[in-house]
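Chemist: Below is the structure I would like to discuss, written out as structure tokens.
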Amino acid sequence: MISSLKLARICGVSQGTVDRALHARKGINEETRRRIIAAAKKYGFSPNPSARELMTGKSSIVGGVISSFNSIFFMDIFEKIRQLLRKKGLTLVIMPVSTPEETISALRDFASRRYLGAILVPPEDGLEIPDEITSSLKVLSIVAPCSGKKIVNIFPDEIKTGFTGTEFLWEKGHRRILFLTYVRKAMAISDRRKGYEKFMKSKNLPFESLFPVTEESLIKSIGSFKPTAVFCHNDWLALTTIRILERNGYKVPSDISVLGVDNSPTFISLFPELSTVEYPIDDVADMVFENLVGGKSGTGRKFHPLKVIDRKTVSIKSKL
Numbered sequence: 004m005i006s007s008l009k010l011a012r013i014c015g016v017s018q019g020t021v022d023r024a025l026h027a028r029k030g031i032n033e034e035t036r037r038r039i040i041a042a043a044k045k046y047g048f049s050p051n052p053s054a055r056e057l058m059t060g061k062s063s064i065v066g067g068v069i070s071s072f073n074s075i076f077f078m079d080i081f082e083k084i085r086q087l088l089r090k091k092g093l094t095l096v097i098m099p100v101s102t103p104e105e106t107i108s109a110l111r112d113f114a115s116r117r118y119l120g121a122i123l124v125p126p127e128d129g130l131e132i133p134d135e136i137t138s139s140l141k142v143l144s145i146v147a148p149c150s151g152k153k154i155v156n157i158f159p160d161e162i163k164t165g166f167t168g169t170e171f172l173w174e175k176g177h178r179r180i181l182f183l184t185y186v187r188k189a190m191a192i193s194d195r196r197k198g199y200e201k202f203m204k205s206k207n208l209p210f211e212s213l214f215p216v217t218e219e220s221l222i223k224s225i226g227s228f229k230p231t232a233v234f235c236h237n238d239w240l241a242l243t244t245i246r247i248l249e250r251n252g253y254k255v256p257s258d259i260s261v262l263g264v265d266n267s268p269t270f271i272s273l274f275p276e277l278s279t280v281e282y283p284i285d286d287v288a289d290m291v292f293e294n295l296v297g298g299k300s301g302t303g304r305k306f307h308p309l310k311v312i313d314r315k316t317v318s319i320k321s322k323l
């Protein structure tokens, strides 16, 4: 690999001319441009990112802050974003954190390094991002909201997620549907439950939510509520539920149907039989890309309609 100075000497031009040729800038004739590009390929020249950033004042690095580094769902979202950024020659650097303080510290570090932007999965809803950070760093919060000036929050309508999944089970003939969720206070958790309750109320059907979910509490709730279907907040909870049911003699889906939410590629590769409401990972990734690279700001683009992936854990229930 050679330097830009060496490439300039080989081509008999200045370093500035080399930079204009390799970045499609004006001020250079086409024949010279082609000659420099050909020489760069021949001698294996690759622009130094740090030098390019100093010359252009623009970074090619995007920071990612993730509070659940062991969550394959979050990692699948970041992988999709990484693939899109790579097409534009951008690099995604991910920093795992566990507290709000660590999150703010990571964003400050990104801002000081003049990163192109930051993508954040906050450790708690409504995390306040200081103005000193957002004044120099574009911050995009995905999955859950943050607050602060210029923050762009990108996530779907989770009430609609809960409503859509419940409607799917109803269309399969289920009338006694149990909703399983988590104790943790988060907008996505409460909104999916609200969507479930909204649909059940619209059909004048009995409803019940269970949290936290333990083997004892689930079996007790099944005995009292007698559901024919269980709708889980996410795919991991659905898998846990299936294991509990099978240990206690229930067959899925002939005895009880189970539906999850997410359909993340890595999880489904591990458990491909699960029926689930697909989280719009592609839409989230596209919106992040448009905000960072496409010159857009905000979430004017709409999410596509939610899809339910009907596999092998939901059965048709006879309508009596």
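Note that my numbering gives residue 28 to position 25 of the sequence shown, counting from 1, and the numbers run on in steps of one. Beta carbons: idealized from backbone N, C-alpha and C, even for Gly.
(1) In whole angstroms, what is the alpha-carbon distance linking residue 37 and residue 24?
(2) Which residue spans inside the region 31-118 form an unbroken alpha helix (DSSP H) run of at least 4?
(3) Given residue 162, which residues of its chain have a CB within under 6 Å of its CB, disregarding the five upstream and five downstream residues?
(4) Does residue 8 pass the burial test, meaning 16 or more other C-beta atoms within 10 Å, or should it be called exposed?
(5) If you follow the beta strand (DSSP E) that residue 127 is in, where does it begin and where does it stop?
(6) Under a Cβ-count criterion, where at least 16 other Cβ atoms within 10 Å of its own Cβ denotes burial, should residue 282 be classed as buried or exposed?
(7) In the DSSP assignment, the alpha helix (DSSP H) including residue 297 goes from what residue to what residue?
(8) May I ask you to report which of helix, strand or coil DSSP gives residue 276?
(9) With residue 145 as the anchor, note down where its beta strand (DSSP E) starts and where it stops.
(10) So residue 241 and residue 261 are in contact, right, with Cβ under 8 Å, and what is the actual spacing, rounded?
(11) Distance, Cα to Cα, residue 101 vs residue 267?
(12) Name the DSSP bridge partner or partners of residue 204?
(13) Please report the distance separating the alpha-carbon of residue 258 from that of residue 187.
Modeler: In brief:
(1) 8 Å
(2) 33-46, 52-59, 75-90 and 103-115
(3) 194, 197 and 198
(4) exposed
(5) Premise fails: residue 127 is in no beta strand (DSSP E) and is neither H nor E.
(6) buried
(7) From DSSP, residue 297 is part of no alpha helix (DSSP H); its letter is neither H nor E.
(8) coil
(9) 142-145
(10) 5 Å
(11) 22 Å
(12) BP columns for residue 204 are empty, so no partner.
(13) 29 Å
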